[in-house]
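Asker: Here's a structure for you.
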Amino acid sequence: MDISEDELFKALSDRTRRLIIDELLERDQQSLFEVCTRLISLHDVGISRQGISRHLQVLENVGVIEVKWQGNTKIHSLNSTTLSGLSQGWLSKFEVED
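Going by our numbering, the first residue of the sequence shown is number 1, and it counts up by one from there.
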């Protein structure tokens with residue numbers, strides 16, 4: 001999948017999506033129900049289940065998360081390779097040398 005940095009930065013510009021990434025970093029492989037529960041209980045995010053599902057789809061489209069099915073349940077996992085690519089791309093211009 002060839003995703004531009006612009007598409008990736010646009011996906012990361014939303015606070016809810018960054019919270020989803022943080023939650024998957026802390027506890028990988030979560031269902032939609034688990035992601036919703038954590039966002040509401042830990043971050044007081046006031047968004048519907050359908051809204052969170054749309055955010056997950058955006059993150060999947062840019063390769064930040066991967067989805068696999070366990071029976072009838074979609075399981076979301078963080079793909080840190082996509083995010084680490086940012087540090088090797090445009091963001092690498094801002095690295096502070098020791």
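Ideal Cβ placement from N, Cα and C applies to all residues, glycine included. What you are looking at is a predicted structure, and each value in this text was computed from that prediction instead of being measured.
Where do the ends of the alpha helix (DSSP H) carrying I47 lie?
Answerer: Segment: none, I47 is in no alpha helix (DSSP H) and carries neither H nor E.
Asker: When you compare the segment 47 to 64 with the segment 79 to 89, are there three or more beta-carbon pairs, one atom per stretch, that lie closer than 8 Å?
Answerer: Touching, per the Cβ criterion.
Asker: Checking 7 Å against the spacing of the C-beta atoms, do L39 and L56 come in under that value?
Answerer: Going by C-beta atoms, L39 is not nearer than 7 Å to L56.
Asker: Please list the segments of the beta strand (DSSP E) lying wholly inside the segment 29 to 91, counting only runs of 3 or more residues, in order along the chain.
Answerer: Qualifying beta strand (DSSP E) stretches, in chain order: 65 to 70, 73 to 78.
Asker: Taking DSSP as the reference, what is the three-state secondary structure of E23?
Answerer: Reduced to three states, the DSSP call for E23 is helix.
Asker: Cα separation between A11 and R49?
Answerer: Approximately 18 Å, taken between the alpha carbons.
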